[in-house]
Amino acid sequence: MAHPSSKLLSISGLRVGHAHDTRVKTGVTVLLPDAPALCAVDVRGGGPGTRETDTLALGGLVDRVHAITLAGGSVYGLAAADAVCAGLGARGVGYAAGPPPIPVSPIVPSAILFDNANGGDKAWGDTPPFHRLGREALSAACYETSEGAIGAGYGATAGIYAGGFGVASETVNGAVVWAFIAANPVGSPFLPGTRVPYAWLYERDGEFGGAHPPQDYRWTQPQDTKLTRFAGAGQNTVIGAVVTDAALSPSDLKRLAIMAQDGLALSVQPSHTPLDGDTIFALSVGEQAAIGPAALSNIGAAAARCVARALTRGVLAAQ
Numbered sequence: 028m029a030h031p032s033s034k035l036l037s038i039s040g041l042r043v044g045h046a047h048d049t050r051v052k053t054g055v056t057v058l059l060p061d062a063p064a065l066c067a068v069d070v071r072g073g074g075p076g077t078r079e080t081d082t083l084a085l086g087g088l089v090d091r092v093h094a095i096t097l098a099g100g101s102v103y104g105l106a107a108a109d110a111v112c113a114g115l116g117a118r119g120v121g122y123a124a125g126p127p128p129i130p131v132s133p134i135v136p137s138a139i140l141f142d143n144a145n146g147g148d149k150a151w152g153d154t155p156p157f158h159r160l161g162r163e164a165l166s167a168a169c170y171e172t173s174e175g176a177i178g179a180g181y182g183a184t185a186g187i188y189a190g191g192f193g194v195a196s197e198t199v200n201g202a203v204v205w206a207f208i209a210a211n212p213v214g215s216p217f218l219p220g221t222r223v224p225y226a227w228l229y230e231r232d233g234e235f236g237g238a239h240p241p242q243d244y245r246w247t248q249p250q251d252t253k254l255t256r257f258a259g260a261g262q263n264t265v266i267g268a269v270v271t272d273a274a275l276s277p278s279d280l281k282r283l284a285i286m287a288q289d290g291l292a293l294s295v296q297p298s299h300t301p302l303d304g305d306t307i308f309a310l311s312v313g314e315q316a317a318i319g320p321a322a323l324s325n326i327g328a329a330a331a332r333c334v335a336r337a338l339t340r341g342v343l344a345a346q
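Numbering (this note's numbering), first residue to last: 28 to 346.
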């Protein structure tokens with residue numbers, strides 16, 4: 028049954044699945060294209076945790092993925108992608124290296140965020156929950172998604188506030204761009220001294236509640252980032268993906284991922300710190316006509332705005 032706040036995805040060819048553990052206070056999100064999707068990635072944070080991102084380097088053998096996995100749990104969360112890989116392989120989804128009984132090889136790049144200090148029960152011994160959560164998220168994949176405390180954003184924090192998973196979209200020149208973001212940044216999503224999102228300028232249809240800065244507002248040093256409470260590395264990170272139905276090349280997608288990262292700076296300060304592991308994937312799942320540099324620039328700018336809005340929506344929904 029759909030969550031009351033779930034959003035139908037107006038982009039064809041992509042499903043989203045979530046799973047979380049209320050006791051451990053963590054979760055997993057799976058992005059599942061209907062067909063192998065061209066993909067690139069950009070990593071900006073100083074403390075990333077990833078799997079198979081080198082596979083996506085330009086000029087390599089593989090340029091399409093079968094799923095993207097986003098997870099909490101820091102390094103333990105990378106195990107979620109193992110479950111997704113195994114589940115897809117059992118379905119026969121993956122690159123075929125030869126005839127049976129040679130198994131197919133699903134390509135499942137992954138990124139994790141650190142939510143291991145959020146007060147959940149992390150005494151999992153040698154059986155962390157992420158393989159189970161990855162399997163559950165894959166099984167739950169469908170053409171709609173909820174926001175807030177769900178999936179990879181379930182145990183997240185944004186500055187000193189609850190973090191969350193958010194979704195936003197925009198159409199530019201006929202191409203649809205979606206952003207799916209699990210927000211767990213060191214920085215704050217709000218202008219210092221207010222509950223006005225940094226991304227207020229990009230709000231659409233009242234999605235942030237219509238908050239605007241006071242007329243005489245002046246920026247002051249923020250007191251609501253994790254830097255005011257936690258000096259240790261690794262307790263942060265924004266991870267996610269931008270997805271478009273424009274038929275982009277691998278090099279186009281790399282530029283799209285780079286431009287999409289600007290959405291973090293539009294919605295969180297500070298961003299891309301040594302204490303974050305900010306990682307954004309970019310996928311093409313459609314067959315819109317190939318585009319040139321000017322059109323790609325517009326799609327990239329839209330992707331940045333979508334990332335800023337998705338991050339903010341996820342945080343607000345989690346409050």
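Glycine residues also receive a C-beta, built at the ideal position from the N, C-alpha and C atoms.
Requested in this report: Give the single residue among 287, 309 and 305 whose Cα lies nearest to the Cα of residue 333.
Outcome: When 287, 309 and 305 are compared, the shortest CA-CA separation from residue 333 is found for 287.
Requested in this report: Give the straight-line distance between the Cα atoms of residue 134 and residue 151, rounded to the nearest whole angstrom.
Outcome: So the alpha carbons of these two residues sit roughly 28 angstroms apart.
Report task. Taking residue 131 and residue 96 to be in contact with their CB atoms under 8 angstroms, please state how far apart those CB atoms are, rounded to whole angstroms. Result -> Between residue 131 and residue 96 a beta carbon distance of about 17 angstroms is seen, past the 8 angstroms cut, so the two are scored as non-contacting.
Query raised in the report: Comparing the C-beta of residue 210 with each C-beta of chain C, is any distance below 8 angstroms?
Result: The structure shown contains no chain C, having only a single protein chain.
**Report entry** Per DSSP, cross-strand counterpart(s) of residue 95
**Finding:** Note: residue 95 sits in a beta bridge opposite 58.
Report task. Since I believe residue 263 is in contact with residue 295 (beta carbons under 8 angstroms), could you give me their beta-carbon distance rounded to a whole number of angstroms? Result -> With a Cβ gap of about 10 angstroms, residue 295 and residue 263 do not count as contacting.
Query raised in the report: Okay, do the segment 152-169 and the segment 89-104 touch, 3+ Cβ pairs below 8 angstroms being the bar?
Result: By the Cβ rule, the segment 152-169 counts as touching the segment 89-104, because three or more pairs are nearer than 8 angstroms.
Query - As assigned by DSSP and simplified to three states, the class of residue 288 - result: Shown here, residue 288 sits in a helix according to DSSP, grouped into three states.
Report task. Determine which residues share a DSSP beta bridge with residue 224 and list them. Result -> According to DSSP, residue 224 bridges with 217.
Query raised in the report: First and last residue of the beta strand (DSSP E) that includes residue 161?
Result: Not the beta strand (DSSP E): residue 161 falls in the alpha helix (DSSP H), residues 157-166.
Query - Cβ contact check for the segment 177-197 and the segment 59-69: 3 or more pairs under 8 angstroms - result: With the cut-off at 8 angstroms, the segment 177-197 and the segment 59-69 do not touch.
Query - Cβ shell of residue 19 (< 6 angstroms), same chain only, five flanking positions each side left out - result: The displayed coordinates of the chain run from 28 to 346. Any statement about residue 19 would go beyond what the structure contains.
**Report entry** For residue 261, three-class secondary structure by DSSP
**Finding:** Residue confidence is low: residue 261 scores 49 on pLDDT, short of 50, so the model does not pin down where it sits. Its coordinate-derived value is still stated next. Coil.
**Report entry** Under the three-state DSSP convention, the category residue 298 falls into
**Finding:** In the structure shown, the three-state DSSP call for residue 298 is coil.
Report task. Going by CA-CA distance only, name the one from 136, 197 and 233 that's closest to residue 266. Result -> Checking every option, the nearest Cα to that of residue 266 belongs to 136.
Query raised in the report: Just checking my contact of residue 197 with residue 340 at CB under 8 angstroms: how many whole Å lie between their CB atoms?
Result: At roughly 13 angstroms, the Cβ-Cβ gap does not stay under 8 angstroms, so residue 197 and residue 340 are not in contact.
Requested in this report: Return the residue from the list 308, 345 and 279 that minimises the CA-CA distance to residue 321.
Outcome: Proximity to residue 321 across 308, 345 and 279 peaks at 279, based on C-alpha coordinates.
Report task. Could you tell me whether the Cβ atoms of residue 44 and residue 110 are closer together than 8 angstroms? Result -> In this structure, residue 110 does not lie closer than 8 angstroms to residue 44 by Cβ.
Report task. Name the residue from 75, 121 and 91 whose alpha carbon lies nearest to the alpha carbon of residue 82. Result -> Of 75, 121 and 91, the residue nearest in Cα terms is 91.
Query raised in the report: What residues match up with residue 184 in a beta bridge as DSSP calls it?
Result: 189, per the DSSP bridge assignment.
Query raised in the report: Which one or two residues does DSSP pair with residue 172 in a beta bridge?
Result: Bridge partners of residue 172: 34.
Report task. Let me know the secondary structure DSSP gives residue 341 once reduced to three states. Result -> Helix.
Query raised in the report: Buried or exposed: which applies to residue 314, given that a residue is buried once 16 or more other Cβ atoms fall within 10 Å of its Cβ?
Result: Here residue 314 is exposed: its Cβ has fewer than 16 other Cβ atoms, across all protein chains shown, within 10 Å.
Report task. Using a threshold of 8 angstroms, state whether the C-beta atoms of residue 253 and residue 208 are closer than that. Result -> Their beta carbons are not under 8 angstroms apart, which means residue 253 does not touch residue 208 by this criterion.
Query raised in the report: Expressed to the nearest angstrom, what Euclidean distance is found between the alpha-carbon atoms of residue 261 and residue 304?
Result: Confidence at residue 261 is low in this model, with a pLDDT of 49, below 50, so its placement is unreliable and the value that follows should be read with caution. Each residue's Cα considered, the two are about 8 angstroms apart.
**Report entry** Neighbourhood of residue 124 by C-beta distance below 7 angstroms, restricted to the same chain and skipping five residues each side
**Finding:** Around residue 124: 132.
Query raised in the report: How big is the Cα-Cα spacing for residue 345 and residue 211?
Result: Whole-angstrom Cα-Cα distance: 12 angstroms.
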